[in-house]
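Data block below; observations after.
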Amino acid sequence: MELDSDKTLVEGVPGTSERAHWENPSLFTGSTYKPHPLIHHVPPPAPGLLSPAQLTVENVQSVTGQYRALHEQLTRRCQVLQLDLQAASTTRKLAKMECGLAQEWCKALEKENEHLCAQISSLQRNMHTSGLNILHLAEYQVVE
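Position in the sequence shown counted from 1, then plus 40, gives you this note's numbering.
What follows is the structure in structure tokens.
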């Protein structure tokens, strides 16, 4: 016997004259329904909040004024934070551009370095050749 099907919950227990009632779940769960209060006691108001007994026109106006003042402060703070966020975003974009320029500059310097190394190597070969030529000329002059 299916007691947990949707049909049982809506139509009642099969084979009996019992009808399901949402107010009495024992018909389909086998338990005894015991209602429990959702709130056992009313908690005291939080610090700074008014209890229902303290709600007067003056108190409500005072709280409303305080709320508006806090709201204005938060609005100004949000505006400052938005400006800070925009500044940080702009700084990040500039840093990214500077990074790209620095990478291009590094590539150019590497090429220039390679070119200078090639020139130094060529000059060293020329100096060596010149030195050999000077030695050869010195030997030639000694022989004459």
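Glycine included, each C-beta is placed from N, C-alpha and C at the ideal position.
Exercise for review: Look at the alpha carbon of Ser132 and the alpha carbon of Glu144, and state the distance between them as a whole number of angstroms.
Suggested key: Along the sequence shown, one-based indexing puts residue 132 at 92. Along the sequence shown, one-based indexing puts residue 144 at 104. Note on residue identity: the sequence assigns Arg, not Ser, to residue 132. Counting only the Cα atoms, Glu144 lies some 18 angstroms from Arg132.
Check your understanding: What is the DSSP secondary structure of Gln115, reduced to helix, strand or coil?
Key -> Working through the sequence shown from its first residue, we reach residue 115 at position 75. For the sequence presented, residue 115 should be read as Thr rather than Gln. In the structure shown, Thr115 sits in a helix (DSSP, three-state: H, G or I).
Practice item. Have a look at Glu112 and Leu125 and give me their C-alpha separation to the nearest angstrom. Key: Indexing the sequence shown from 1 puts residue 112 at position 72. Indexing the sequence shown from 1 puts residue 125 at position 85. Near 20 angstroms, if we compare the C-alpha coordinates of Leu125 and Glu112.
Review point. Hey, how far is the Cα of Met41 from the Cα of Ala93?
Key: As a position in the sequence shown, residue 41 is number 1, starting the count at 1. As a position in the sequence shown, residue 93 is number 53, starting the count at 1. No answer about Met41 holds up, because its pLDDT of 44 lies below 50 and its placement is not dependable.
Review point. If you run the structure through DSSP and keep just helix, strand and coil, what is Leu38?
Key: Given a span of 41 to 184 for the chain in the structure shown, any question on residue 38 remains unanswerable.
Point to revise | Euclidean distance between Cα positions of Thr169 and Ala142 | key: By one-based count along the sequence shown, residue 169 stands at place 129. By one-based count along the sequence shown, residue 142 stands at place 102. When rounded, the separation of the alpha-carbon atoms in Thr169 and Ala142 is 40 angstroms.
Review point. Straight-line CA distance for Glu98 to Arg116?
Key: By 1-based counting over the sequence shown, the position of residue 98 is 58. By 1-based counting over the sequence shown, the position of residue 116 is 76. Each residue's Cα considered, the two are about 27 angstroms apart.
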